[in-house]
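Each remark here refers to the structure printed beneath this line.
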Amino acid sequence: MRKDLIIHEAPKSPISEAIRTLRTSITYKMSKNNYKSFLITSSSTEDGKSLIISNLAIAFSQSKQKVLIIDSDLRKGRQHDIFKVDNVEGLAQALDNKNINKDNENLDAEVGKYIKQTQIDNVYIIPAGAVPHNPSELFENSQFDLILDNVKNKFDVILFDAPPINIVTDSMILCNKADGVVLVCAIEKTKSEALVETKKKIENMGGNIIGVVVNKMPMDKMKEYAKDYGRYTDNQIIKYDDKKYKIS
Ligand SMILES: Nc1ncnc2c1ncn2[C@@H]1O[C@H](COP(=O)(O)OP(=O)(O)OP(=O)(O)O)[C@@H](O)[C@H]1O
Ligand SMILES: [Mg+2]
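Per the working numbering, residue 333 is the first one in the sequence shown, and the count goes up by one each step.
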């Protein structure tokens with residue numbers, strides 16, 4: 333099991349507690365608005381999107397929900413590595429698979445080929461797959477919508493791990509496919525102008541931002557920062573305590 337699966341390895345750590353709080357906020361949105369699919373993205377790289385998604389998926393599984401992570405980061409996807417599943421065939425190959433079409437009577441089986449069981453009960457992933465030469469174009473194929481429609485009947489929660497908004501266009505294409513978008517920012521790294529620009533881009537694409545996660549928060553600065561970031565409603569604080577939990 334990977335060190336990134338903190339909620340599994342260290343369920344009592346502050347990060348695990350913060351992830352459970354995030355699960356509660358998202359569950360509220362799910363029941364109030366009938367939401368099921370969520371895109372988790374950020375302005376730039378290494379803000380903690382993949383780590384939050386994998387732990388959030390486990391948190392949902394712990395509350396008896398069946399979860400699917402769709403690793404939509406076709407360039408640098410790492411969910412297969414976090415959960416230790418095979419990555420030869422994944423989303424990139426599914427988006428290019430002509431048998432995924434609305435007339436295929438065996439669509440369940442065709443889509444099912446790409447869904448991998450993880451070591452965690454009730455957590456499944458469609459890994460990113462071998463890196464394609466045309467990632468952005470692949471998202472414009474009709475397969476993505478067909479896959480999403482197909483898996484919506486089989487899972488309680490669907491989480492898309494997406495690349496950073498300000499780096500590549502893929503996340504922008506995905507914005508309006510999810511019921512809700514969660515924006516991650518890293519404290520002392522994400523610039524407020526970048527966050528504002530990201531918010532605009534998501535909204536222009538019809539994305540529905542349901543909250544902001546402030547990540548990599550030093551414990552001693554939590555209260556101070558929470559006040560500053562409070563203007564982004566529905567935010568949740570992911571605490572970073574390298575004394576109690578050393579992550580790397
Ligand atoms: N709250 C946290 N506390 C400590 N380390 C963290 C935290 N969140 C993320 N990290 C670490 O930061 C690094 C980047 O995290 P991650 O890969 O999840 O970011 P990302 O936003 O998905 O990056 P990319 O844009 O490259 O996809 C990883 O080493 C991860 O373990
Ligand atoms: Mg990532």
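Backbone N, C-alpha and C fix where the C-beta goes; we use that ideal spot for every residue, glycine too.
Cut-off 8 Å between Cβ atoms - residues of its own chain near residue i, not counting five sequence neighbours on either side
i      : result
Asp488 : Lys368, Phe392, Gln397, Lys398, Val399
Asn473 : Leu427, Asp428
Val463 : Leu406, Arg407, Ala424
Met362 : Lys368, Val489
Straight-line Cα distance separating residue j from residue i
i      : j      : result
Thr359 : Leu491 : 13 Å
Pro550 : Pro467 : 35 Å
Val288 : Ser357 : With the chain covering only 333 through 580, there is no way to say anything about residue 288.
Asn536 : Pro496 : 16 Å
Ala342 : Ile401 : 21 Å
Ser345 : Leu337 : 12 Å
His340 : Glu525 : 35 Å
Leu439 : Asn482 : 8 Å
Val528 : Asn498 : 11 Å
Val500 : Leu506 : 12 Å
Val546 : Leu470 : 31 Å
Ile569 : Gly512 : At Ile569, the pLDDT of 48 sits below 50, so the modelled position is not reliable and the matter cannot be decided from this model.
Glu520 : Glu442 : 44 Å
Asp502 : Val455 : 24 Å
Asn436 : His465 : 26 Å
Arg355 : Asp379 : 19 Å
Residue i CB to nearest heavy atom of ligand 1 below 7 Å
i      : result
Asn547 : yes
Lys364 : no
Leu388 : no
Ser468 : no
Thr377 : yes
Arg410 : yes
Met503 : Note on residue identity: the sequence assigns Ser, not Met, to residue 503. No - ligand 1 has no heavy atom lying nearer than 7 Å to the Cβ of Ser503.
Asp488 : no
Pro495 : yes
Helix, strand or coil at residue i [DSSP, three-state]
i      : result
Phe492 : strand
Ala510 : coil
Leu536 : Reading off the sequence, residue 536 comes out as Asn, not Leu. Of the three classes helix, strand and coil, the one that applies to Asn536 here is helix, per DSSP.
Lys344 : coil
Thr373 : strand
Lys448 : strand
Lys381 : helix
Asn547 : strand
Tyr367 : coil
Ser406 : Rather than Ser, the amino acid found at residue 406 in this sequence is Leu. Of the three classes helix, strand and coil, the one that applies to Leu406 here is coil, per DSSP.
Val417 : coil
Leu423 : helix
Ile579 : Model confidence at Ile579 stands at a pLDDT of 26, short of 50, so the residue's coordinates are unreliable and nothing is read from them.
Val528 : helix
Val500 : coil
Leu478 : helix
Cβ-Cβ separation, residue j to residue i (assumed contact under 8 Å), whole Å
i      : j      : result
Asp405 : His412 : Incorrect: roughly 11 Å between the Cβ atoms, too far for contact.
Leu371 : Ala510 : 4 Å
Lys531 : Ile541 : 6 Å
Val516 : Ser374 : 4 Å
Ile432 : Gln475 : 5 Å
Arg410 : Ser382 : 5 Å
Gly461 : Asn508 : No, Gly461 and Asn508 are not in contact; Cβ-Cβ is about 23 Å, not under 8 Å.
Other residues of its chain near residue i: CB distance less than 7 Å, five sequence neighbours each side excluded
i      : result
Thr565 : At Thr565 the pLDDT is 32, less than 50, meaning the model places this residue with poor confidence; the figure from the coordinates comes in the next sentence. Same-chain partners within the cutoff: there are none.
Val417 : Lys448, Thr450, Ile457, Pro459
Gly538 : Cys507, Asn508
Ile390 : Leu337, Ile339, His340, Ile452, Val455
Residue i Cβ short of 7 Å to ligand 2 heavy atom set
i      : result
Ser382 : yes
Lys531 : no
Lys335 : no
Asp413 : no
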